[in-house]
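Heads up, the sequence shown is in my numbering, so the first residue is 113 and it goes up one at a time.
All remarks here apply to the structure that follows.
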Amino acid sequence: MSPPQVIVASAHPYMPEMRLGTSYLAEALANRGWDVLYLDQPTSLLHLVHPRSSGIARRKLGSAVDTVRGRERVFATPAGGSVRLLSVAAWWPHVNVPVFRNAFILDRWWRYTYPSIMRYVVASGFSDARALLFDSPYFHSLGGALGVPTVYRYADRIQCFPEVTPALVDKQQAVFRDAALVVHTSKALLDDLGGREGKTLYLPNGVDIDRFYGSWDEPEELRGIARPRIIYAGTIGPWFDWAALGAAAQASPHLQFVLLGKVTTDLPQALPANVHLLGAVPFARIPSFLAHCDAGVIPFDVAAMPELVNAINPLKLYEYCAAGLPVVSYASAEIEAAAGHVRLYRTPGEFAEGVKAVLAEETASAREARRAWADGTSWRQRGEELERAILAL
113 MSPPQVIVAS AHPYMPEMRL GTSYLAEALA NRGWDVLYLD QPTSLLHLVH PRSSGIARRK
173 LGSAVDTVRG RERVFATPAG GSVRLLSVAA WWPHVNVPVF RNAFILDRWW RYTYPSIMRY
233 VVASGFSDAR ALLFDSPYFH SLGGALGVPT VYRYADRIQC FPEVTPALVD KQQAVFRDAA
293 LVVHTSKALL DDLGGREGKT LYLPNGVDID RFYGSWDEPE ELRGIARPRI IYAGTIGPWF
353 DWAALGAAAQ ASPHLQFVLL GKVTTDLPQA LPANVHLLGA VPFARIPSFL AHCDAGVIPF
413 DVAAMPELVN AINPLKLYEY CAAGLPVVSY ASAEIEAAAG HVRLYRTPGE FAEGVKAVLA
473 EETASAREAR RAWADGTSWR QRGEELERAI LAL
């Protein structure tokens with residue numbers, strides 16, 4: 113019997129520096145014996161001339177050429193499944209600039225790609241895929257063309273991001289209506305589905321806890337930074353709570369705050385000397401950084417961006433707990449589900465006090481309790497739930 117197949121289309125590459133949930137789910141299905149065709153967001157000639165995207169665009173175009181030449185990357189799993197990566201270039205990109213941000217392109221981009229998506233699906237044997245799993249309304253029209261059930265992974269309120277076009281926001285309403293299944297990562301996101309009559313599934317983020325066990329050499333980037341070290345690992349965007357971080361850094365100059373991740377927002381004019389911006393690192397190195405820090409923080413600014421932040425189910429929460437780190441986080445209904453393992457804050461002062469408190473209160477039993485909680489949220493279990501839902505369509 114041939115293994116079940118699924119096509120996954122994501123706004124994010126399969127192996128970015130900070131890996132995200134859809135790629136973990138693709139891997140989880142492959143680990144259950146599925147063959148996965150993973151399509152990431154197409155690039156274009158327009159991306160090549162944009163200073164912030166030109167490097168990624170060159171890599172994607174190179175991958176598209178490799179695909180045409182039969183050199184695409186395929187990752188096999190011990191369970192007999194695989195993840196096959198497909199990168200394409202779109203002649204008519206849908207981006208938030210005049211001419212290219214209209215719904216006409218959004219509905220037709222998939223017809224004009226290099227290589228052709230439709231031809232590749234047939235040639236690679238994915239014509240009988242059980243579903244298209246996607247995490248951006250950008251791929252809605254592709255689902256109709258493929259003629260397979262569609263599963264939408266709803267993880268963020270996209271209207272809160274300036275790069276998202278009005279056409280894409282409107283298209284999401286069609287996705288909510290048309291998808292065979294909507295998978296939402298936080299309970300708050302369920303409120304956005306309105307009167308949807310189709311199936312829904314609450315499927316939060318997870319973690320592969322085995323990645324966080326073992327002995328890790330201290331990363332070179334940390335060797336000049338004294339302990340205790342307080343780490344934030346993730347994208348540093350407009351939602352980042354600089355007021356809370358600054359209050360904690362000033363209140364405890366002996367603590368060192370390590371910020372690990374890509375910066376996508378303006379930084380404060382002056383950062384305290386005990387705040388260290390290290391930039392992004394490949395996701396495979398993150399466990400080594402967490403292993404050599406003393407607490408993890410999630411400082412998100414609920415007051416400034418309540419619509420976005422209150423609906424987030426932060427991946428880093430699971431990773432911090434898998435590493436055994438005490439956690440200080442902003443307060444939301446989603447975070448409170450892990451409140452027994454997380455210290456919540458609502459003001460900059462509470463954040464500063466919380467960081468000091470979790471360091472002082474840390475015990476071996478609390479560390480193991482956090483690991484045990486994280487183990488119950490594994491991507492393996494999330495993959496099993498998703499598999500059952502897809503097979504029931």
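Built from N, CA and C at the ideal position, the CB exists for glycine as well.
Excluding five sequence positions before and after L427, the CB atoms of its chain that fall closer than 6 Å to its own CB belong to N317, given in chain order. Within the same chain, and ignoring the five residues on either side of A201 in sequence, the residues whose Cβ sits closer than 8 Å to its Cβ are P154, T155, S156, L157, K172, L173, A176, T225, Y226. By the C-beta density criterion, G346 is buried, having at least 16 other C-beta atoms within 10 angstroms. Going by beta carbons, A257 and S194 fall outside the 7 Å limit.
The residue from A300, S236, W491, R323 with its alpha-carbon nearest to that of L149 is S236. With 16 or more other Cβ atoms from the protein chains shown falling within 10 Å of its own Cβ, A121 counts as buried. With a cut-off of 8 Å on Cβ pairs, the segment 341-358 is in contact with the segment 367-381, counting three or more such pairs. In chain order, V281 place their CB closer than 7 Å to the CB of Q271, counting only its own chain and leaving out the 5 sequence neighbours on each side.
Shown here, A396 sits in a helix according to DSSP, grouped into three states. Counting along the chain, the unbroken beta strand (DSSP E) around Y314 starts and ends at 311-314. About 6 Å separates the Cβ atoms of W485 and C433, confirming a contact at the 8 Å cut-off.
With fewer than three CB-CB distances shorter than 8 Å, the segment 278-294 does not count as touching the segment 359-366. No residue range can be given for I447, since it is assigned to no alpha helix (DSSP H) and is classified by DSSP as neither H nor E. With fewer than 16 other Cβ atoms from the protein chains shown falling within 10 Å of its own Cβ, N214 counts as exposed. A straight line joining the alpha-carbon of Y136 with that of W146 spans about 13 Å. The Cβ neighbour count for F251, taken over all protein chains shown within 10 Å, is at least 16; the residue is labelled buried. Its chain contains F288, V294, T312 as the residues whose beta carbon lies nearer than 7 Å to that of L305, once the 5 sequence neighbours on both sides are disregarded; these appear in chain order. Per the DSSP secondary-structure output, I343 pairs in a beta bridge with V370, G408.
Secondary structure of T179 (DSSP, three-state): helix. Going by C-alpha positions, V260 is about 48 Å away from P460. 7 Å or more divides the Cβ of A356 from the Cβ of F216.
Straight through space, the alpha carbons of L389 and G452 are spaced by roughly 30 Å.
Three or more Cβ pairs closer than 8 Å define a contact, and the segment 331-339 meets that threshold against the segment 401-413.
In the DSSP assignment, D290 falls within the unbroken alpha helix (DSSP H) covering 278-290. If you check the CB distance, A443 and R458 come in under 7 Å. In terms of Cα proximity to R335, the closest of N422, L379, F401 is F401. The C-alpha of R494 lies about 11 Å from the C-alpha of A501.
Remark: C-beta atoms of S239 and A123 do not approach each other more closely than 7 Å. Partner residues in the beta bridge of V195, as assigned by DSSP, are V148, F187. Short of 7 Å from the beta carbon of D178, and not among the five residues preceding or following it, lie these beta carbons of its own chain, in chain order: E184.
Taking 7 Å as the cut-off, the beta carbon of E474 is found closer than this to the beta carbon of P438.
A distance of 7 Å or more separates the beta carbons of K468 and S327. Beta-bridge partners assigned by DSSP to V375: I348. Between T134 and D152, the alpha-carbon positions lie close to 11 Å from each other. Nearest in C-alpha terms to I410, of all of I168, E419, S441, is S441. Counting only runs of 3 or more residues that sit fully inside the segment 247-277, the beta strand (DSSP E) segments are 262-266, in chain order.
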